[in-house]
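One structure is given below, encoded as structure tokens.
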Amino acid sequence: MDTERLLKIALEYFEHEYAPYVGGASLLAGAVIWFCATDISRVLKHTAYRLCYQQESGKAPIPGPLEDTRIIRFIDGPRMVTEYRQKYGPLYRVFCGDIPEIVLTDPDDIRAYYHGDAKVHFKIPNIGFGEYMGRVLGQSVGVKHNEDWRRLRTHIDPHFTAQKASELLPIMISDTDKWIKSLPRLSHVVRNEKDNKLVIKAEELVSILPFKMIARRVFGELVDDKLIDELFHLNLVHERVINHTFFGKFEQWKIFRYLPVQANRDVDGFEREWATLLKRTSLEAERKGITTTVGELYKNMKEGHMTFLEFAHSIDEILFTNMDVTTTSISWVTAQVAMNPSVMTRLHKEIDDALSDEHLGSNRQDRADAYIRKTDTLLHYCYLESGRLHPVLFYSFPELTAEPKIIHGYYIPPKTSVLIDTYTLNRDAPVWGTDGRVFRPDRFGELLPTQYRYSYWRFGLGPRKCVGINFGDKIIKTVLMGIMEKYSVEVVDNYLGEDFTKFVHAPAGTMVFTPRQSET
Ligand code: HEM
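Position one of the sequence shown corresponds to residue 218 (our numbering), numbered consecutively onward.
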């Protein structure tokens, strides 16, 4: 009998005897590998955790759910935070993948958490979101800590000061005016021919406008329609990349990068094009003798103050990643003012008065400029109140304690990952009173910032705050003023839901813009 025939018989025998078990065996092996990779590690960490994190008195472990909150913290936030808070109390433990994290909801606990060591809190590599996040933003300023973080902020901060934001304000106002004029013609806006009413989905209200404003800061005089188109095209790829980063199940593992899948093609393609664009614009700025943020940071990079990846990831974070944050903030505040007609009526009047107030300036542009800068206006309070009720994340991104702490009676060892449940804090902290869940902007006229320092999370708490803090408020107030100057807004059926398709949640509903009397 030749070998070939022997092999055939052997295979037939194997197939006959064992085939029924092969599928089952592979399934079993798969399940074991999966279990080993995820659940066993989680159970072990949970056990270790229970042994280490004892309550000072009574030795009870910090309670918390076993489910993985890595993805649900973005898509199921309101259910998650409400249920956990009710079940486990004001301080509890969750998992991000297999990383245990402590969640704080109480202002006193948050004060204790920042006390003493806030300046040296650490960040977990890739803020706990694994390898894919590392490839996209792993070297950005927001993911660094201690000396590296301070070094990057030293170079980046001077480009985003209050002074720089004020300098850009006139352009923000004229960009907004142009956008308002173009609204009836935009592809996502439906215009009713008869009465000029515009129908717009809340989640789609603005897209390119804030993007353009930040691009102006980053690329300065290099900004033209061509560059904006190019950046906007890149942003479409970036949106997919960010979705994989936060919502991808397998993208967190190292091995994923070797798979021939779209998520990898997206991140590699983005990285290549982004690097090319950054180099090209930096060199163009240098050649033309134009001072731009991108050109200056590129110089810092060449002088050895940062690596190319730190430079590229940080500008990505500033321009692309924070775009959704800013656009959803604009959608929320517009929708919330629309849901509260009495607030809108007062806001209309305040805007009309300000724009005709000669004390604020000799022309509309100067008056608008002065009005937007004021922080004791209903406009400002609406911006604060909307951010209070809808902070961009349900859980803040984690920071690790540097020193051992006792918080809420629990011993928290150094390097514990800690989150803030922003949703609960911003609504239920005692300082907000019994109407903490209601949109009432005037509360900010009654309270001093020191009174809500640890009860309001918007641009981050502690020393580590958003780089764009001076820009975010001006962009939001400028666009809200622009809309309310020209339109009255309603939300169809008074229905305002939440759209969880992005890592920051946007309002879901349909808004109707009616031109105000003077505009008809
Ligand atoms: C309304 C708009 C915005 C909101 C609500 C917002 C909110 C935040 C929050 C909560 C953080 C995290 C702070 C932390 O780690 O605890 C952050 C970080 C950051 N934001 Fe913003 N942001 C906004 C707009 C912007 C804009 C327009 C820019 C660009 C100039 C920007 C750039 C950054 C950067 C670079 C970081 C990382 C800072 C660091 O960790 O050192 N943000 N932002």
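From the three backbone atoms N, C-alpha and C, an ideal C-beta is built for every residue, glycine too.
Bear in mind the structure is a predicted one, so any value in this text is a computation, not a measurement.
1) Report the start-end ranges of each beta strand (DSSP E) in the segment 476-550 that is 3 residues or longer and not cut off at the edges.
2) Quickly, what does DSSP pair Y628 with across the bridge? List them, please.
3) Hey, would you say the C-beta of F614 is under 7 Å away from at least one heavy atom of ligand 1?
4) Compute every distance between the C-beta of S383 and the non-hydrogen atoms of ligand 1, then say whether any falls below 7 Å.
5) Counting C-beta neighbours from all protein chains within 10 Å, is the total for Q380 16 or more, i.e. buried, or is it exposed?
6) Return yes when the C-beta of G677 is under 7 Å from any heavy atom of ligand 3, and no when it is not.
7) Between which two residues does the beta strand (DSSP E) carrying G714 extend?
8) Ignore the nearest five residues each way along the sequence and tell me which others in I388's own chain have a CB closer than 8 Å to its CB.
9) Measure the C-alpha to C-alpha separation of K519 and E438 and round it to an integer number of angstroms.
10) Counting beta carbon pairs with one atom in the segment 491-509 and one in the segment 412-429, are three or more of them shorter than 8 Å?
11) For E616, write down the residues that DSSP places opposite it in a beta bridge.
12) Taking 7 Å as the line, does the beta carbon of E534 fall inside it for any heavy atom of ligand 1?
13) Hey, could you find the ends of the beta strand (DSSP E) E300 is sitting in?
14) What would DSSP say about F449, mapped onto helix, strand or coil?
15) Could you say which of I629, E567, W549 lies nearest to P278 if we only look at CA atoms?
16) Please look up how many angstroms separate the CB atoms of V655 and Y669, rounded, as I've assumed it's under 8 Å.
17) Counting Cβ pairs closer than 8 Å, one from the segment 357-369 and one from the segment 546-562, do we hit at least three?
18) Does ligand 1 have a heavy atom nearer than 7 Å to the CB of F688?
19) Helix, strand or coil for Y588 per DSSP?
20) Excluding the 5 residues flanking S740 on each side, which residues of the same chain have their C-beta closer than 7 Å to its C-beta?
21) Going by the C-beta, is W549 closer than 7 Å to any heavy atom of ligand 1?
22) Sort out for me which residues DSSP pairs L308 with in a bridge.
23) Hey, quick one: how far does the beta strand (DSSP E) through V655 stretch, first residue to last?
24) Just list the alpha helix (DSSP H) runs in the segment 657-705, keeping only unbroken ones of 4 residues or longer that don't cross its boundaries, in chain order.
25) For a test of the three-state rule: what should DSSP assign to E384, helix, strand or coil?
26) Inspect the beta-carbon positions of G662 and T543 and report whether they are closer than 8 Å.
27) Put I316 into one of helix, strand or coil per three-state DSSP.
28) Can you tell me where the alpha helix (DSSP H) holding L400 begins and where it ends?
29) So, using beta-carbon positions, are V320 and Y640 closer together than 8 Å?
30) Count the other CB atoms, across all protein chains shown, that sit within 10 Å of the CB of L184; report buried if there are 16 or more and exposed otherwise.
31) The alpha helix (DSSP H) spanning M212 covers which residue range?
32) S499: buried (16+ other C-beta within 10 angstroms of its C-beta) or exposed?
33) Go ahead and pull the three-state DSSP assignment for V353.
34) Which of the three DSSP states, helix, strand or coil, is assigned to I766?
35) How is the beta strand (DSSP E) around T378 delimited, first residue to last?
36) For the beta strand (DSSP E) that contains I417, what are its first and last residues?
On the basis of the data shown:
1) none
2) I623
3) yes
4) no
5) exposed
6) With respect to ligand 3, the structure offers nothing, as its ligand set consists of ligand 1.
7) 714-716
8) M430, R433
9) 22 Å
10) no
11) V635
12) yes
13) Unbroken run through E300 is the alpha helix (DSSP H), 294-305; no beta strand (DSSP E).
14) helix
15) I629
16) With a Cβ gap of about 16 Å, V655 and Y669 do not count as contacting.
17) no
18) yes
19) helix
20) Here the chain comprises residues numbered 218 to 737, so residue 740 is not present and cannot be evaluated.
21) no
22) L321
23) Taken as a continuous stretch (DSSP letters only), V655 belongs to no beta strand (DSSP E), as it is neither H nor E.
24) 660-663, 686-703
25) helix
26) no
27) strand
28) L400 -> no alpha helix (DSSP H), and no H or E assigned at all.
29) no
30) Shown here, the chain extends from 218 to 737; a query on residue 184 therefore has no answer.
31) There is simply no residue 212 to check, as the chain begins at 218 and stops at 737 in what is shown.
32) buried
33) helix
34) The question about residue 766 has no answer, for the chain in this structure spans 218 to 737.
35) No beta strand (DSSP E) contains T378, which DSSP labels as neither H nor E.
36) 415-418
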